[in-house]
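Undergrad: Attaching a single structure in structure tokens format; questions to follow.
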């Protein structure tokens, strides 16, 4: 198995946890196969995650007519719209802030301008003992959520609790 959830969902999960400030309490997932010829590869996923103060839904698909990345984050004070090549932050007072990317997110599967912070973070984990384990902990939670998503789907999209990581991780 393994399809869009493993390929793209992983990144959405850690970004979601960063935005929400921690791990979800529970997750549920529904998946559709990529095709009849590939029933073990999910081509579409809807993953719902419950956090202490919010609910988030990730919808990922390889079934769209074109490659595009977009999403919406809505909160009490405004809304953030990601529209492939730009972001619009709409404040509750009607004001908007626009930010354009140098290229659309869908143009490729990696973006060189984003690598510097990743490398710097890895370097900090090597050089600063108090930083060690942060990437590993994040990866462990992402793996746990991904596993629970597959399990949830196999159990009819049942909500499954996300266990806390052992102390020290």
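In our numbering, the protein residues as written are 47 to 215.
All residues carry an ideal CB built from backbone N, CA and C; glycine is no exception.
Being a predicted model, the structure only gives us computed values, none of them experimental.
#1: Apply the 10 Å Cβ neighbour rule to residue 207 and answer buried if 16 or more other Cβ atoms are within range, or exposed otherwise.
#2: For the beta strand (DSSP E) containing residue 195, list its first residue and its last residue.
#3: Since residue 77 sits in a beta bridge, which residues does DSSP pair it with?
#4: In this structure, does DSSP put residue 215 in helix, strand or coil?
#5: In terms of DSSP beta bridges, what is residue 164 paired with?
#6: Helix, strand or coil for residue 176? Go by DSSP, reduced to three states.
#7: Between the alpha carbons of residue 78 and residue 197, how many angstroms are there, rounded?
#8: Which of helix, strand or coil does DSSP assign to residue 159?
#9: Check the C-beta distance from residue 134 over to residue 115 and give it rounded, since I have them as a contact under 8 angstroms.
#10: If you count every other CB in all the chains shown that lies within 10 Å of the CB of residue 201, and 16 or more means buried, which is it?
TA: Put simply:
#1: Counting from one through the chain shown, the residue named residue 207 turns up at place 161. So residue 207 counts as exposed.
#2: By 1-based counting over the chain shown, the position of residue 195 is 149. Residue range 180-200 is occupied by the alpha helix (DSSP H) that includes residue 195, with no beta strand (DSSP E) assigned at that position.
#3: The count along the chain shown starts at 1 and reaches residue 77 at position 31. Paired residue(s): 91.
#4: For the purposes of this step, residue 215 is identified with residue 169 of the chain shown, where counting begins at 1. Reliability fails at residue 215, whose pLDDT of 44 lies under 50, so the model's placement of it is uncertain and the value that follows must be treated cautiously. Here residue 215 carries a coil assignment [DSSP, helix/strand/coil].
#5: To locate residue 164, count along the chain shown from 1; it is residue 118. DSSP lists no partner for residue 164.
#6: Position 130 of the chain shown, counted from the first residue, corresponds to residue 176. Three-state DSSP puts residue 176 in a helix.
#7: As a working mapping, residue 78 is identified with position 32 in the chain shown. As a working mapping, residue 197 is identified with position 151 in the chain shown. The straight-line gap from Cα to Cα measures roughly 14 angstroms.
#8: On the chain shown, position 113 is the one that residue 159 refers to. Reduced to three states, the DSSP call for residue 159 is helix.
#9: Counted from its first residue, the chain shown places residue 134 at position 88. Counted from its first residue, the chain shown places residue 115 at position 69. That pair is no contact at about 14 angstroms.
#10: Numbered from 1 along the chain shown, position 155 holds the residue referred to as residue 201. Exposed: under 16 other Cβ atoms inside 10 Å.
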